[in-house]
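See structure below.
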Amino acid sequence: MVLSKRLKSIAGLIYRTDNVIDIGCDHAKLGIYLVKNKILNYLLVSDVNQNAIENGIKNIKKNKLEKKIDARLGYGLEVIDVHTDTAVISGLGTNTIIKILSNPNLKQIKKLIIQANNDHFLLRRFMVLKGFYISHESVVYEKGHYYINIVFLRGKRKYTLKELRYGPILMYANKDYFDFLLKKKHAILDNIPKYKFWTRIKHHKDAIYLKKLTK
Ligand SMILES: C[S@@+](CC[C@H](N)C(=O)[O-])C[C@H]1O[C@@H](n2cnc3c(N)ncnc32)[C@H](O)[C@@H]1O
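Residues 875 to 1089 in this note's numbering are what the sequence shown lists, from first letter to last.
So, in structure tokens, the structure goes:
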């Protein structure tokens, strides 16, 4: 089984001591990789969709890992065990992730590894309000897409709005990604009519800041 570069980058953020649930596991490929590569001896994987979890269970059985990967049907943090302390969430939008994490069971989670599809500002702000800080950020490029990994750990730290928007670690770490964002911003600017003066100014200011991050 070949794991995508995107999912392999998540595997690299998981330690042997983490007690993991992969929420929204779908095919369960990440869990299978983690156990087969001896990164974890056991983990939970879950999905809210019956077909998805059945697909995952089929793959787990194919790899004879039923004793090491516990697959559960259910919504987000609802299905965790008492000792689960680390959650992986990848391939979901920030609004869904926020719904999943707005659950009392979040109190027992110490580490979150999130690869959200969108709105990283909202995600960072939400997590900081929930009492987490950002311990790691990285960008993975695969098949024309940039994916952002963020690891949140328990603890208080203050961030500026710019840090929440561009990533307190990312903004110093990946020029190619900001170059990509800058090109996107220029394309947006090209499509804003001249009479929308203030909208142009706002996007122009963003472009100036993004330019700084590409240097
Ligand atoms: C796009 S797939 C991503 C699969 C995998 N995590 C990855 O990154 O390749 C998203 C999966 O999350 C599941 N999902 C969506 N909302 C969920 C929730 N609230 N709780 C558990 N799973 C959820 C979907 O059913 C789907 O299988």
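Ideal placement from N, C-alpha and C gives every residue a C-beta, glycine not left out.
When distances are taken from the beta-carbon of GLY898 to the heavy atoms of ligand 1, the shortest one is below 7 Å.
In terms of Cβ geometry, ASP944 and LEU918 form a close pair [threshold 8 Å]. In its chain, beyond the 5 residues on either side, ASN929, GLY930 and ASN933 have a beta carbon closer than 7 Å to the beta carbon of HIS901. Per DSSP, the unbroken alpha helix (DSSP H) holding ASP1053 starts and ends at 1049-1064. Bounds of the beta strand (DSSP E) holding LEU1027 are 1019-1028. Cβ contact annotation for MET1001 (same chain, cutoff 6 Å, sequence separation greater than five): PHE1026, in chain order. As a beta-bridge residue in DSSP terms, ILE963 pairs with ILE897 and ILE988. The beta carbon of ARG880 is closer than 6 Å to those of VAL1014, GLU1016 and TYR1021 in its chain, skipping five residues each way along the sequence.
Judged by pairs of C-beta atoms under 8 Å, the region 888-896 touches the region 950-959, as three or more such pairs exist. Only exposed fits VAL876, as fewer than 16 other CB atoms lie within 10 angstroms of its CB. The three-state secondary structure of ASP892, taken from DSSP, is coil.
Take ILE1075, set aside five residues on each side of it, and no residue of its chain has a beta-carbon closer than 8 Å to its own.
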